[in-house]
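What follows is a single structure, written as structure tokens, with notes after it.
Numbering (the working numbering), first residue to last: 185 to 445.
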């Protein structure tokens, strides 16, 4: 097994370096406390799931940059798997819009496209504002305790400028809200729709005040849920999600190389 539930797994320089293969020397750590394993309580995963998780986290965290080439044979060799699970993982990432496959040319990390991000943002807004209405109406003391505990951990992560931990906790909070809506499969749908904007969200967390602003927005969301005020909760979620759109154009001006044209 490439991943083990009981311990952290560190992949050091697993994708080689130089020549645009996968962007040089880097370290990817997959912790047993990460959202994918903590929230879903996975005991064992398939090889294609392992490869998918490694590549997806590298793309979302910008360890693999937009436009960077991915060589299947090199990934397979370094991870000690055949090309089949690598191809399966890449096809899954392509379905999410995170990689682009060009026959006879190669596979590349997808650039950020404003139109796709705007569409994903629209779908996310519709899904999560509807979900939080149901969650507010159905909220329980147990849910509120978990949300408040999560928020406190977010504060601690922000205090130490731990962007990775803050992002994971942010994701976990949104997942809790989707789960509490009581609609089967909603979390998975929402998570897939967030794929297009996850990289942007990660980049924006590095803005000087964005983590603090996010904390304030999350607190407003949890307060509305606690008061079982569905309208106020939906408005708080709408305000929270809409902030990304306001910062997106500024990001494009500062980092044009990340975007397609």
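The beta carbon of each residue, even a glycine, is placed where N, CA and C say it ideally should be. If you're wondering where the values come from, they're calculated on a predicted model, not measured in any experiment.
The three-state secondary structure of residue 429, taken from DSSP, is helix. In this structure residue 268 is exposed. Its beta-carbon is surrounded by fewer than 16 other beta-carbon atoms within 10 angstroms. Separation of residue 400 and residue 393 (C-alpha to C-alpha, rounded to the nearest whole angstrom) is 11 Å. One thing to note: residue 443 has its Cβ no nearer than 8 Å to the Cβ of residue 389. Cβ contact annotation for residue 307 (same chain, cutoff 7 Å, sequence separation greater than five): 377, in chain order. Secondary structure in the stretch 297–360: the alpha helix (DSSP H) runs of 4 residues or longer, each lying completely within the stretch, are 298–322 and 325–343 in chain order. The straight-line gap separating the alpha-carbon atoms of residue 361 and residue 316 is approximately 6 Å. In the assembly as shown, residue 417 is a buried residue. Its beta-carbon has 16 or more other beta-carbons within 10 Å. In terms of Cα proximity to residue 370, the closest of 380, 408, 313 and 425 is 313. Rounded to whole angstroms, the Cβ separation of residue 273 and residue 235 is 4 Å, and the two are in contact under 8 Å. A Cβ-Cβ distance of about 5 Å is found for the pair residue 248 and residue 293, placing them in contact under the 8 Å criterion. Judged by DSSP secondary structure, residue 291 falls within the beta strand (DSSP E) whose first and last residues are 290–293.
Assignment of residue 411 by DSSP, reduced to helix, strand and coil, places it in the coil class. Annotation: the continuous alpha helix (DSSP H) that includes residue 236 extends over 231–244. In the displayed model, residue 365 falls within coil according to three-state DSSP, outside both helix and strand. The beta carbons of residue 244 and residue 383 sit closer together than 8 Å. Where residue 283 is concerned, the enclosing beta strand (DSSP E) starts and stops at 283–286.
A straight line joining the alpha-carbon of residue 230 with that of residue 265 spans about 11 Å.
Annotation: the continuous alpha helix (DSSP H) that includes residue 380 extends over 370–388. Non-local beta-carbon contacts of residue 422 in its own chain, meaning distances under 6 Å to residues more than five positions away in sequence, involve 313 in chain order.
Contact annotation: residue 428 and residue 349 have beta-carbon atoms that are not nearer than 8 Å. Pairing residue 409 with residue 420, the inter-Cα distance amounts to about 10 Å. Rounded to whole angstroms, the Cβ separation of residue 321 and residue 412 is 6 Å, and the two are in contact under 8 Å.
For residue 262, the uninterrupted alpha helix (DSSP H) run begins and ends at 256–263, by DSSP.
With respect to the C-alpha of residue 424, the residue from 309, 281, 254 and 237 having the closest C-alpha is 309. By alpha-carbon distance to residue 375, the top candidate from 364, 355, 365 and 368 is 355.
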